[in-house]
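J.: With the sequence shown counted from 1, adding 810 to any position gets you our numbering. Every residue, glycine too, gets a C-beta built ideally from N, C-alpha and C. My questions all concern the structure below.
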Amino acid sequence: GQSIGSKMLPNYIHGSHAVLFCYDITNYDSFANLEDWYRKVHGTYSKASGPMPCMALLGNKIDLSHMRAVRHDHHNRFADENQMHSYMLSAKNGDQVNACFFRIAAQLAGVKITKPELEVQTKVVQAAIIDHQQHDAKVNGGEVPEYKKSKRNG
């Protein structure tokens with residue numbers, strides 16, 4: 811998702827079997843730069859008259875989805891218009907990273923993967939439990955009042 815500045819890019823991607831276009835979902839500029847990256851990759855492979863590599867669009871930082879700057883429909887439209895596979899992941903917590911690379915590797919190897927095989931690659935996201943104080947120490951001397959059970963509450 812960075813702006814293009816290297817004249818060496820064609821040398822780096824020449825002969826690649828896969829090219830992954832990764833951007834930050836909280837930074838629209840990183841998404842906007844993908845068009846330039848795509849043109850550069852497409853131009854490199856067109857000149858070489860070889861087959862286009864497997865291309866995938868990766869939206870990173872889904873752990874910060876509350877700060878999202880790139881809408882899902884923009885992500886999906888870009889992927890569809892450019893015949894790319896589409897993935898949303900979080901490099902920070904690992905969410906969907908293994909599954910993404912597992913799918914890409916399977917495609918490159920020509921291996922069909924089943925949904926259960928893919929689910930094995932999905933990282934289990936752990937939630938931290940925070941124990942907040944349940945009452946105000948200044949009210950009732952810090953004591954939690956007893957509540958009478960009604961017939962409805964059992």
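Would you kindly work out how many angstroms separate the C-alpha atoms of tyrosine 833 and alanine 879, rounded to a whole number?
T.: Using only the alpha carbons, I get a separation of about 11 Å.
J.: Out of curiosity, what's the CA-to-CA distance linking lysine 922 and alanine 916?
T.: Cα-Cα distance, rounded: 7 Å.
J.: To the nearest angstrom, report how far apart methionine 862 and alanine 919 are at their CA atoms.
T.: Taking the straight line joining both Cα atoms gives about 16 Å.
J.: Note down the Cα distance separating glutamate 891 from valine 930, rounded to an integer number of angstroms.
T.: Using only the alpha carbons, I get a separation of about 30 Å.
J.: Just the C-alpha distance for lysine 871 and serine 840, rounded to the nearest angstrom, thanks.
T.: The alpha-carbon atoms of lysine 871 and serine 840 are separated by roughly 12 Å.
J.: Leaving out the 5 sequence neighbours to the left and right, which residues in its chain are closer than 6 Å to proline 820 when beta-carbon positions are compared?
T.: Excluding residues within five positions, the ones whose Cβ falls inside 6 Å are Thr854.
J.: Starting from the C-beta of histidine 885, find all residues in its chain whose C-beta is less than 6 Å away, skip the five residues before and the five after it, and write them out in chain order.
T.: Hits under 6 Å: Gly869.
J.: With DSSP as the reference, identify every bridge partner of valine 880, one or two as the case may be.
T.: In DSSP, valine 880 forms no bridge with anything.
J.: Please state whether the Cβ-Cβ distance between alanine 909 and threonine 932 is less than 8 Å.
T.: Cβ distance < 8 Å, so alanine 909 and threonine 932 count as in contact.
J.: Let's see if you can read the secondary structure: which residues bound the alpha helix (DSSP H) around alanine 901?
T.: Counting along the chain, alanine 901 falls outside any alpha helix (DSSP H), and DSSP gives it neither H nor E.
J.: So, is alanine 858 buried or exposed, given that buried needs 16 or more other C-beta atoms within 10 angstroms?
T.: Alanine 858 should be labelled exposed.
J.: Would you list the residues sitting across from glycine 869 in a DSSP beta bridge?
T.: In the DSSP output, where bridge partners are listed per residue, glycine 869 has Tyr833 and Met898.
J.: Check for me: the alpha helix (DSSP H) holding glycine 853 runs from which residue to which?
T.: Glycine 853 -> alpha helix (DSSP H) spans 844–857.
J.: Closest by CA to leucine 867, which one among Lys902, Asp905, Ile835 and Asn903?
T.: Residue Ile835 is the option with its Cα nearest to leucine 867.
J.: What separation, rounded to the nearest whole angstrom, lies between the Cα atoms of phenylalanine 911 and aspartate 905?
T.: C-alpha separation (whole angstroms): 12 Å.
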